[in-house]
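Respectively, the protein sequence lines represent chains A, B and C.
538 is the number that UniProt numbering gives to position 538 of the first sequence; each next residue is one higher, with no gaps.
114 is the number that UniProt numbering gives to position 114 of the second sequence; each next residue is one higher, with no gaps.
112 is the number that UniProt numbering gives to position 112 of the third sequence; each next residue is one higher, with no gaps.
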Amino acid sequence: MSTIVNGAGKVVDFVDQRITASNWLKRNLRKVFPDHWSFLLGEIALFSFIIIVLSGVFLTFWFKPSMAHIVYEGGYAPMRGQGMSEAYASTLELSFEVRGGLLMRQVHHWGALIFLAAMSAHMLRVFFTGAFRKPREMNWLVGVTLLFLGVAAGFTGYSLPDDLLSGTGLRIIEGGMLAIPVVGTYLSSFLFGGEYPGDDIVSRLYPLHILVFPGLIIAMVTAHLMMLWYQKHTHWGGPGKSNENVVGAPFFPVYVAKAGGFQFIVFGVIVLLAATVQINPVWFWGPYDPAVVSAGTQPDWYVGFLDGALRVMPPLEFEIFGHPLTLSVLIPAIVLPGLILTPLALYPWLEQKATGDTREHHVLDRPRNQPVRTGIGVAFITFYVQLWIAGGNDFFATILNVPVNWITRFIQVGLFVLTGLAFWVTKRICLGLQRRDRDLVMHGRETGIIMVSPDGEFSEMHAPLEQGDAYSLTWHERQAPYEPGPATDANGIPNPNYRTERRRARLSRFYFGDVVQKPTADELEAAHHEGHHAVESGHEHDELTSGQQ
Amino acid sequence: MSAKDEDMNGHSDSTAPAHRESDTPETSPAEPVADPGLHHEPDRLTDVDPRAERRAERQVAGMFSLASVLIVASIVAYVVFGISPDDPEQPVSVGDVQISNFALGITLGLALVLLGAGAVQWARSLMTSPEVVHERHHLRADDETRQETLDAFETGADETGFGRRKLVRNSLLGALALLPLPAIVMLRDLGPSNGESPGEVKKHTIWGEGVRVVTDVTYQPIRAADLELGQLVNAMPETFQELEEHGPERINSRAKSPVMVIRMAPDEFEIPAGRENWHVDGILAYSKICTHVGCPISLYERTTHHMLCPCHQSTFDLADTGKVIFGPATRSLPQLPLAVDAEGYLIAQSDFHEPVGPSYWERGG
Amino acid sequence: MFSTPTGRSGRTRRRTLSTWRRHPLAAVFVLIAMLFTTGGAYAALAPKSEDLQAASSTKIQEGKELFAIGCASCHGLGGEGQVREDGTVIGPSLIGVGAAAVDFQVGTGRMPMAAPGAQAQRKPVAYTDAQIEALAAYVASLAPGPELPEEQYLDVSEGNVARGGQLFRTNCAQCHNTTGQGGALSMGKFAPSLTGVEPKHMYEAMVTGPQAMPVFSDETLTPEDKQDIISFLKSVEEEPNPGGLGIGRVGPVAEGLWAWLIGIGLLIGTATWVVTRSSKS
Numbered sequence: 001m002s003t004i005v006n007g008a009g010k011v012v013d014f015v016d017q018r019i020t021a022s023n024w025l026k027r028n029l030r031k032v033f034p035d036h037w038s039f040l041l042g043e044i045a046l047f048s049f050i051i052i053v054l055s056g057v058f059l060t061f062w063f064k065p066s067m068a069h070i071v072y073e074g075g076y077a078p079m080r081g082q083g084m085s086e087a088y089a090s091t092l093e094l095s096f097e098v099r100g101g102l103l104m105r106q107v108h109h110w111g112a113l114i115f116l117a118a119m120s121a122h123m124l125r126v127f128f129t130g131a132f133r134k135p136r137e138m139n140w141l142v143g144v145t146l147l148f149l150g151v152a153a154g155f156t157g158y159s160l161p162d163d164l165l166s167g168t169g170l171r172i173i174e175g176g177m178l179a180i181p182v183v184g185t186y187l188s189s190f191l192f193g194g195e196y197p198g199d200d201i202v203s204r205l206y207p208l209h210i211l212v213f214p215g216l217i218i219a220m221v222t223a224h225l226m227m228l229w230y231q232k233h234t235h236w237g238g239p240g241k242s243n244e245n246v247v248g249a250p251f252f253p254v255y256v257a258k259a260g261g262f263q264f265i266v267f268g269v270i271v272l273l274a275a276t277v278q279i280n281p282v283w284f285w286g287p288y289d290p291a292v293v294s295a296g297t298q299p300d301w302y303v304g305f306l307d308g309a310l311r312v313m314p315p316l317e318f319e320i321f322g323h324p325l326t327l328s329v330l331i332p333a334i335v336l337p338g339l340i341l342t343p344l345a346l347y348p349w350l351e352q353k354a355t356g357d358t359r360e361h362h363v364l365d366r367p368r369n370q371p372v373r374t375g376i377g378v379a380f381i382t383f384y385v386q387l388w389i390a391g392g393n394d395f396f397a398t399i400l401n402v403p404v405n406w407i408t409r410f411i412q413v414g415l416f417v418l419t420g421l422a423f424w425v426t427k428r429i430c431l432g433l434q435r436r437d438r439d440l441v442m443h444g445r446e447t448g449i450i451m452v453s454p455d456g457e458f459s460e461m462h463a464p465l466e467q468g469d470a471y472s473l474t475w476h477e478r479q480a481p482y483e484p485g486p487a488t489d490a491n492g493i494p495n496p497n498y499r500t501e502r503r504r505a506r507l508s509r510f511y512f513g514d515v516v517q518k519p520t521a522d523e524l525e526a527a528h529h530e531g532h533h534a535v536e537s538g539h540e541h542d543e544l545t546s547g548q549q
Numbered sequence: 001m002s003a004k005d006e007d008m009n010g011h012s013d014s015t016a017p018a019h020r021e022s023d024t025p026e027t028s029p030a031e032p033v034a035d036p037g038l039h040h041e042p043d044r045l046t047d048v049d050p051r052a053e054r055r056a057e058r059q060v061a062g063m064f065s066l067a068s069v070l071i072v073a074s075i076v077a078y079v080v081f082g083i084s085p086d087d088p089e090q091p092v093s094v095g096d097v098q099i100s101n102f103a104l105g106i107t108l109g110l111a112l113v114l115l116g117a118g119a120v121q122w123a124r125s126l127m128t129s130p131e132v133v134h135e136r137h138h139l140r141a142d143d144e145t146r147q148e149t150l151d152a153f154e155t156g157a158d159e160t161g162f163g164r165r166k167l168v169r170n171s172l173l174g175a176l177a178l179l180p181l182p183a184i185v186m187l188r189d190l191g192p193s194n195g196e197s198p199g200e201v202k203k204h205t206i207w208g209e210g211v212r213v214v215t216d217v218t219y220q221p222i223r224a225a226d227l228e229l230g231q232l233v234n235a236m237p238e239t240f241q242e243l244e245e246h247g248p249e250r251i252n253s254r255a256k257s258p259v260m261v262i263r264m265a266p267d268e269f270e271i272p273a274g275r276e277n278w279h280v281d282g283i284l285a286y287s288k289i290c291t292h293v294g295c296p297i298s299l300y301e302r303t304t305h306h307m308l309c310p311c312h313q314s315t316f317d318l319a320d321t322g323k324v325i326f327g328p329a330t331r332s333l334p335q336l337p338l339a340v341d342a343e344g345y346l347i348a349q350s351d352f353h354e355p356v357g358p359s360y361w362e363r364g365g
Numbered sequence: 001m002f003s004t005p006t007g008r009s010g011r012t013r014r015r016t017l018s019t020w021r022r023h024p025l026a027a028v029f030v031l032i033a034m035l036f037t038t039g040g041a042y043a044a045l046a047p048k049s050e051d052l053q054a055a056s057s058t059k060i061q062e063g064k065e066l067f068a069i070g071c072a073s074c075h076g077l078g079g080e081g082q083v084r085e086d087g088t089v090i091g092p093s094l095i096g097v098g099a100a101a102v103d104f105q106v107g108t109g110r111m112p113m114a115a116p117g118a119q120a121q122r123k124p125v126a127y128t129d130a131q132i133e134a135l136a137a138y139v140a141s142l143a144p145g146p147e148l149p150e151e152q153y154l155d156v157s158e159g160n161v162a163r164g165g166q167l168f169r170t171n172c173a174q175c176h177n178t179t180g181q182g183g184a185l186s187m188g189k190f191a192p193s194l195t196g197v198e199p200k201h202m203y204e205a206m207v208t209g210p211q212a213m214p215v216f217s218d219e220t221l222t223p224e225d226k227q228d229i230i231s232f233l234k235s236v237e238e239e240p241n242p243g244g245l246g247i248g249r250v251g252p253v254a255e256g257l258w259a260w261l262i263g264i265g266l267l268i269g270t271a272t273w274v275v276t277r278s279s280k281s
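Dropping the structure here:
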């Protein structure tokens, strides 16, 4: 036995005698983790969260969450003599008078942007591959909660330095709250401790930002990982991989080395960004002053879609019982986040309605084999990105040299037209890819060799696929739309559930009505045996695997 | 986890494709292609060539060693590239901060990347672990266990008599339902404890009859005769200066009372009924607080008399009662009625006639 | 709310303050300067001596000739402006715009205008300094208007940067952005970036209100306020970015793009390497 194992053995022995650790370790040390780059998106999120916590702790040693008014006499010359809050002054101190303070501030902020970007990318991966299906719906919900908590943590952090951008962001939040009927002014007054902006908000957001939200995130991440661990990771389909097994590298040592190594790489990339690219230079924005605003005022990217929605919403205000109901604020600021989050959270169950499928799924879908789901996903991205662009419409107007009004008008239309178009185009592309897969399986790969038949007909020789390749294209399930059955049974007795079933059938047809099915064994047989003859009507690839006649 | 998970299995043939088919609906046609079984990854160069193996080893060790060097270098950078000026009274040199940030970050960042890359490269090229296949277990517990769990619940419920002892149960539930109330009640003082309701407070500012209009930041009174056509002045009420520097009152009134004073030729703007004497020779004052969600705006376009909000692009026409001509705002900018005092300085006739800033419930229709 | 960081507010500052402003004669001096500025237009017209008059009338004559060739097609021979029958302005009237407006518009290359658009753009200057001076003299002779700024207010080493920053954020940043990067206005108009603009032109822009920009006259924004603002802008322009690349100093949109394209892009690239095995035999 090597010394390392000896050393580890002593530790295991100690722990084992107290909490029977061997039992658990024996089962888990060689746990299988499948490898694919897209499985690392969640890891990027996790690791960037860790570095956010570490750098955040550093920042708390200097940052003063106070809005007490002081006159700056610190080290940054262009601010000397300016009135400002202690929060802003201590942010300047961190940036200019603490060695490594600016680096940690930049690590913290870049880490936050990347944390949220990685969570979003991870969620899209899970969506497009169907990894949210049973048995992982609970983990999907935890993930949606994490995304929400991440945005909340990010926004509260953005508001802490009490610079011009953070104060303006809070003012927009206040405007959104005021639009809430009946209780709006009260909510705002309880948040700000009276009138906006007061001198309480920074010290109130501080505990939320450094304790409540990160604490909840840590709790949720723990639950997320425990479920992942227990259920085992999904994997891609292919030879030797099925719904009943999981294929990959053992947790110890390969996964530990790779994930551990990747953790340091994520840390390293964020630190390198912080060393070379400036982020949130609050000393340029100036201290918050409620009578001042800057051109190009924007929130961080993850709130950009909400700001964009506020920008493109047409002016709408009604009067009810002598009170204003400001829909132009209420809809984008309050209703829209709910409209996005609720279907997102409930999507696994929505799709279950269409498939009627209650089995466990551990093999990932190729996005093309779920044309409607993929279409919905791309449509959502299109919708979201347009709102995001709207949130920076003045920035893009300057870059592209077009009037900002045009961008707003374009997006007002595009939110409906482009989103719908994106769904339709994506679905068509998926169906096209499915058709190509089917052709590949049936007729083989194009070889580039042109044959001339005795009749003088030109055709390209096709080489059959390897069995492994063909299996990779055909392992997925056939999806036939659900049929509701007759309204009345053979005896003429009406089916009591007919209406529900018909509704389900309609949804199912929407999902699976025009998917291109993989060939059946018979069809494939026919294609192989009949050789070069047309097997299927309506296909361009009439020429088959060879030209021998 | 069930016992069969513990099987370590490097062989592909153990996976039975038949499993899958048992799951698929019976009506479905036969699968066209059979599973050929797991495809083994070919040997790596480092598996077969000892020289390649040694090279990889050196590579990984090199990365770890270089990481050590860089970690030490980052400490050196911390000490060498200081940022505090020799004379503590002197301001910090921003260039020094730039150098310190770069030196510290680049050494630390590269060290981290190398540390990570070394570990990954070790796994990629040297670790000999085979690809492993584990069977999955069905997540649903077997019927017997489920029944036992249900039984345990029932036994427990019986033992408490939770169903029978309604008085105990209901009084417990009642107490538990009340428990969150103190937590909510005790948050009451987050909001203001006395004075006007939050909707009422929003209805007035510190502007009032005879309050002089002064330039912002410098607080100089503005002589009407000094304003040129096309002029913009960001202004505040003179009384603002008198407010206590500390405490929320000053900053709160700063959020409500800023105005912009502009001058147009008298024939350039519409004067609605009731506002005939609100301007002084074409000098008008509008609230700076956007009626959409409250950004302070003063992006005044002299030629078109349009006022744009940089936050959400609501555009107001100051030549026509401050009405909205583009963007999401629903209300005109409130106008402050102006007059001149005996010395020729601009003063307010009164407070705004409507609340400034975004719409809110108590504001009235 | 935020105290004015000058000696005038009663507090004394250690550094970065221009000391002359605290001089007992400063107020007198400012008063004289203001009188001079407001009276400047008359000064240009009112002959001071035979020689000066002769020199300036030659210059005006020279300017008039240049004007007839380069400017009159839009602004009219007498600078009275031209308007089409449908009301669209071909060239606005230049009567009363003053020498400062000419120096700004021609000196930054905005005039002569290359093509009609939402707003005249900065481009290479078409005239020599002497020609610009002559044009300015001619236009100033049409009617009184803002004069060229005095040298002493253009000395950026003398201004109070902190106070200038506060004035800039209050009066200018809403259009030009807190770091002077510029920004979009309505319908294709824009506030230009202030990076690299000469102090003289900044001053002239404030007093004349070129294009859609409003006027910030010397009465409400004193020459020393303007000097502070210009000093602040020059200080921001020269200040290095301590955090690394400035990525435009425009804040969150650029940062978000970097986080996605560079941050996530780089990490996904690395991830594809992490999940592979080293090269095959």
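Built from N, CA and C at the ideal position, the CB exists for glycine as well.
- Counted as a single uninterrupted DSSP element, the beta strand (DSSP E) harbouring B:Y286 occupies residues 283–287.
- In chain order, V215, S217 make up the part of chain C whose C-beta sits under 7 Å from the C-beta of B:E228.
- DSSP places B:L346 outside any alpha helix (DSSP H); the residue lies instead in the beta strand (DSSP E), whose first and last residues are 346–348.
- In the DSSP assignment, B:F326 is bridged to B:T315.
- Under the three-state reduction of DSSP output, B:L229 falls in the coil class, being neither helix nor strand.
- Taking a C-beta cut-off of 8 Å against chain C, the contacting residues of the stretch 246–273 of chain A are K258, G261, F262, I265, V266, V269, I270, L273, listed in chain order.
- At least 8 Å separates the CB of B:M186 from every CB of chain A.
- In this structure, the CA atom of A:V282 is about 14 Å from the CA atom of A:Y72.
- Note on geometry: alpha-carbon atoms of A:I381 and A:N139 lie some 22 Å from one another.
- Of all C-beta pairs linking the stretch 143–159 of chain C to the stretch 198–206 of chain C, three or more are shorter than 8 Å, placing the two stretches in contact.
- In terms of CA proximity to A:L29, A:A8 leads the group A:F321, A:S38, A:H36, A:A8.
- The beta carbon of A:F190 sits closer than 8 Å to some beta carbon of chain B.
- Scanning chain B for C-beta atoms nearer than 7 Å to the C-beta of C:T88 yields nothing, as the closest lies near 13 Å away.
- Among the residues facing chain B, C:K280 is included, as its CB has a counterpart in that chain under 8 Å away.
- Spanning the alpha carbons of C:P223 and C:C172 requires a straight line of approximately 15 Å.
- One alpha carbon belongs to C:L233, the other to A:Y76, and they sit about 16 Å apart.
- Straight through space, the alpha carbons of A:V515 and A:W424 are spaced by roughly 13 Å.
- Where C:H176 is concerned, the enclosing alpha helix (DSSP H) starts and stops at 173–176.
- In the displayed model, A:D163 falls within a strand according to three-state DSSP.
- A direct Cα-to-Cα measurement between B:R363 and B:C309 gives close to 22 Å.
- Contact of B:Y300 with chain A is not assigned, every C-beta pair being separated by 8 Å or more.
- Distance from the CA of A:Q352 to the CA of A:T426, rounded to the nearest whole angstrom, comes to 21 Å.
- Boundaries cannot be given for C:E239, as no beta strand (DSSP E) includes it and DSSP labels it neither H nor E.
- Nearest in C-alpha terms to B:V261, of all of C:T270, C:T220, C:P210, is C:T220.
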